[in-house]
Ligand code: NAI
Ligand code: MG
């Protein structure tokens, strides 16, 4: 539907045919009313005797309650992991270790539907994404690293490697099951044992994974999964018998962890925040580029460390791209995460919604021009419309700080050098995107951009074979691919 006005074509979205609701059934997912700590192959009550609620951010209803692990529980989990490391896992032939990891991968696939529903219920992400991305990608990580377990001599030719020992792994709430897979799979494939702590708002799929690990008969203590908030995480970080900390989360907590482990023998990989530049040149296929921008910033409600949260558009196509983007935003469906038509689900928590709304106000105060889609929002739960800002200055906070929501800051540029300088002008360096028809331009940009991952004519693409990680305040160390193995071994000769 279109009407001509002042020689511009204005698209109308309110006349489109409404999609009937297509909700995924909750009944396919079994959630216990209460979960204990998974230590040494068993679910154990926390010594704190305390539990906390995890809610569905789309309805604000309680889903379950999970144990709050204290220092005594962390000690128990570390002891279980150490015993399993010394007595079982580090001694087991690598090809035997691989069989368990393949088994876990297959069991995730078998229960993919249940995992996807629970992920969407607990964290608010659209079922389309948990079903088509999070869960298959998690299974793929286990398959990929299972394959490496008995081939480390090919990963590190002419070198001998040993595992690090016991790894403490702390993960965030934006990709709960996938981050558990990123952490656990390479660690146990290389012969380490682990204590994993999921984030406090999204513990349920990690606890489901614990059930699978138990059913898969993984030797007790190889993987321990304990729940709790920051204090539990800190107790893991500070435990003297842990050899490595793997952390994904905020830059602030990453800095606390770095300070805490300074002067110890603990190794660390830190995957922190980002403020990625997505760059559109005037020779790019604009419709595809706009799709890439939508995927870059609205995927997972923008709760993505590598989200394309800054858009740079070459001046000659600026107006056109912004108009196309606004039109496309009007077609995005915000709402029930379990509805298969939903594009943008619920914001993960009340606190995160407050952070996002704070930044939207800051953007307006800074004088940037705001546009948000006109879609209706559900009456309950935590939701945010897809939002863009134009008229943004490089120094504005919305162009410098991580918002972690569906909010995009757009600027224009004229030359390659100008956009490279602007793109690199942030404290972060996790990812970037380039849209152009010219291969030479892509190579020029990718060599000059200080970002761990640079996507060309696509965005937010992941694969277990491909390393991921950042520069500067985005952290250090790589996960995924061969590089991901490196982070879990000592090269001894
Ligand atoms: P956070 O960094 O506090 O939480 C991440 C994980 O660290 C959780 O499991 C949490 O329990 C744990 N944790 C918290 N304090 C800790 C401590 N002192 N020692 C050890 N572990 C600790 O992230 P938060 O507060 O939930 O989100 C705040 C902001 O962080 C977001 O707005 C976003 O900008 C950024 N963030 C970035 C992520 C990424 O993937 N890079 C993921 C989550 C948040
Ligand atoms: Mg929750």
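In this note's numbering, the protein residues as written are 183 to 675. All C-beta atoms, glycine included, are put in the ideal place defined by N, C-alpha and C.
* What are the residues that DSSP puts in a beta bridge with residue 638? -> Translated into the one-based positions of the chain shown, residue 638 becomes position 456. DSSP, once it has assigned bridges, lists 616 as partnering residue 638.
* To do: With a threshold of 16 other CB atoms inside 10 Å of the CB of residue 336, please say whether the residue is buried or exposed.
  => Translated into positions along the chain shown, residue 336 becomes position 154. Note on residue 336: under 16 other CB atoms within 10 angstroms of its CB, so exposed under the neighbour-count rule.
* Could you tell me the boundaries of the alpha helix (DSSP H) in which residue 661 lies? => Stepping through the chain shown from its first residue, residue 661 is reached at position 479. Here residue 661 belongs to no alpha helix (DSSP H), and DSSP marks it neither H nor E.
* Looking only at DSSP bridge pairs, what is residue 521 linked to? -> For the purposes of this step, residue 521 is taken as residue 339 along the chain shown, with counting starting at 1. According to DSSP, residue 521 shares a beta bridge with 205.
* Can you name the residues that DSSP bridges to residue 378? -> The residue you call residue 378 lines up with position 196 of the chain shown. In the DSSP output, where bridge partners are listed per residue, residue 378 has 351, 407.
* **Inter-residue Cα distance where the pair is residue 645 and residue 285** => The count along the chain shown starts at 1 and reaches residue 645 at position 463. The count along the chain shown starts at 1 and reaches residue 285 at position 103. Straight-line Cα distance between these residues: approximately 20 angstroms.
* When the Cα of residue 649 is compared with those of 656, 665, 640, which residue comes out closest? -> Here residue 649 refers to the residue found at position 467 when the chain shown is read from its first residue. Checked all of 656, 665, 640; the closest Cα to residue 649 is 665.
* Asked: Looking only at its own chain, which residues have a Cβ that is under 6 angstroms from the Cβ of residue 628, when we skip the five neighbours before and after it?
  -> Sequence index remark: in the chain shown, residue 628 carries index 446 (1-based). 636, listed in sequence order.
* residue 328 versus 278, 352, 308, 357, residue with shortest Cα-Cα distance -> Translated into positions along the chain shown, residue 328 becomes position 146. For residue 328, the nearest C-alpha among the options comes from 278.
* Closest Cα partner of residue 301 within the set 315, 217, 247, 423 -> Here the question's residue 301 lines up with position 119 in the chain shown. The option with the nearest alpha carbon to residue 301 is 315.
* Asked: Does the ligand MG have even one heavy atom less than 7 angstroms from the beta-carbon of residue 372?
  -> Position 190 of the chain shown, counted from the start, is the residue given in the question as residue 372. No.
* To do: Quick one: using the 10 Å Cβ neighbour count with 16 as the cut-off for buried, is residue 382 buried or exposed?
  => Reading the chain shown from its first residue, position 200 is the one you call residue 382. Under this definition residue 382 is a buried residue.
* Asked: Just the Cα atoms here: how many angstroms apart are residue 547 and residue 660?
  -> Walking along the chain shown from the start, residue 547 turns up at place 365. Walking along the chain shown from the start, residue 660 turns up at place 478. Approximately 38 angstroms, taken between the alpha carbons.
* Taking the runs of the alpha helix (DSSP H) that are 4 residues or longer, which of them lie wholly in the segment 404–446? -> 412–420, 433–443
* How about residue 299: is its Cβ closer than 7 angstroms to a heavy atom in the ligand MG? -> The count along the chain shown starts at 1 and reaches residue 299 at position 117. Answer for residue 299: no, Cβ out of range of the ligand MG.
* To do: With DSSP collapsed to three states, give me the class of residue 579.
  => Indexing the chain shown from 1 puts residue 579 at position 397. Looking at residue 579 - three-state DSSP - the assignment turns out to be helix.
* Proximity to residue 448 [Cα-Cα], best of 611, 420, 469, 462 -> Residue mapping note: residue 448 aligns to position 266 of the chain shown, counting from 1. Out of 611, 420, 469, 462, 420 has the C-alpha closest to the C-alpha of residue 448.
* Asked: Going by the C-beta, is residue 566 closer than 7 angstroms to any heavy atom of the ligand NAI?
  -> Numbered from its first residue, the chain shown carries residue 566 at position 384. Checking every heavy atom of the ligand NAI against the Cβ of residue 566, none is found closer than 7 angstroms.
* From residue 222 to residue 359, what does the alpha carbon distance come to, in whole angstroms? -> Position 40 of the chain shown, counted from the first residue, corresponds to residue 222. Position 177 of the chain shown, counted from the first residue, corresponds to residue 359. Each residue's alpha carbon lies about 20 angstroms from the other.
* When we look at the beta-carbon of residue 368 and count the other beta-carbons within 10 Å, is it buried (16 or more) or exposed? -> As a working mapping, residue 368 is identified with position 186 in the chain shown. Classification of residue 368: buried, given that the 10 Å Cβ count is 16 or more.
* For residue 502, the residue or residues it bridges with in DSSP -> In the chain shown, residue 502 corresponds to position 320, counting from 1. Paired residue(s): none; residue 502 is not in a bridge.
* To do: Out of 467, 237, 434, 446, point me to the one whose CA is closest to residue 453's CA.
  => Along the chain shown, read from residue 1 onward, the residue named residue 453 stands at position 271. Ranked by how close their Cα comes to the Cα of residue 453, the residues 467, 237, 434, 446 have 434 in first place.
* To which residues of the same chain is residue 291 closer than 6 angstroms at the C-beta, ignoring the five residues directly before and after it? -> Here residue 291 refers to the residue found at position 109 when the chain shown is read from its first residue. The beta carbon of residue 291 is closer than 6 angstroms to those of 321 in its chain, skipping five residues each way along the sequence.
* Closest Cα partner of residue 506 within the set 619, 553, 523 -> What you label residue 506 is simply residue 324 of the chain shown in a count that begins at 1. Answer by Cα proximity: 553.
* Inter-residue Cα distance where the pair is residue 238 and residue 306 -> Counting from 1 along the chain shown, the entry for residue 238 is found at position 56. Counting from 1 along the chain shown, the entry for residue 306 is found at position 124. Distance between the alpha carbons of residue 238 and residue 306 is about 7 angstroms.
* Asked: Hey, how far is the Cα of residue 405 from the Cα of residue 439?
  -> Here residue 405 is taken as the residue at index 223 of the chain shown, counted from 1. Here residue 439 is taken as the residue at index 257 of the chain shown, counted from 1. Residue 405 and residue 439 have their C-alpha atoms roughly 22 angstroms apart.
* Asked: Looking at residue 384 and the ligand MG, is the gap between the Cβ and the nearest heavy atom below 7 angstroms?
  -> Against the chain shown, residue 384 aligns to sequence position 202. For the ligand MG, at least one heavy atom lies less than 7 angstroms from the Cβ of residue 384.
* Hey, out of 500, 655, 275, 492, whose CA is closest to residue 576's CA? -> In the chain shown, the residue the question calls residue 576 occupies position 394. The residue with the shortest Cα to Cα distance from residue 576 is 492.
* Assign residue 493 to one of three DSSP states: helix, strand, or coil. => Position 311 of the chain shown, counting from 1, holds the residue named residue 493. Strand.
* Asked: Can residue 237 be considered in contact with the ligand MG, in the sense that its beta carbon sits closer than 7 angstroms to one or more heavy atoms?
  -> One-based indexing of the chain shown puts residue 237 at position 55. Yes; taking the cut-off as 7 angstroms, the Cβ of residue 237 has a heavy atom of the ligand MG nearer than that.
* If you follow the beta strand (DSSP E) that residue 332 is part of, which residue opens it and which one closes it? -> Taking the chain shown and counting its residues from 1, one reaches residue 332 at position 150. Note, residue 332: premise wrong, no beta strand (DSSP E); not H, not E.
* Asked: What are the boundary residues of the beta strand (DSSP E) that residue 246 is part of?
  -> Within the chain shown, the letter at position 64 stands for residue 246. DSSP places residue 246 in the uninterrupted beta strand (DSSP E) bounded by 243–249.
* Which value, in whole angstroms, describes the spacing of the CA atoms of residue 324 and residue 211? -> Locating residue 324 in the chain shown gives position 142, where the first residue counts as 1. Locating residue 211 in the chain shown gives position 29, where the first residue counts as 1. Cα-Cα distance, rounded: 22 angstroms.
* Asked: Would you call the segment 620–627 and the segment 575–590 in contact, with 3 or more CB pairs under 8 angstroms?
  -> no
* **Own chain partners of residue 407 with C-beta closer than 6 angstroms, once the 5 adjacent residues on each side are dropped** => In the chain shown, residue 407 corresponds to position 225, counting from 1. 220, 378, 388, 392.
* **Span separating the alpha-carbon of residue 330 from that of residue 511** => Within the chain shown, residue 330 is the residue found at index 148, counting from 1. Within the chain shown, residue 511 is the residue found at index 329, counting from 1. Each residue's alpha carbon lies about 42 angstroms from the other.
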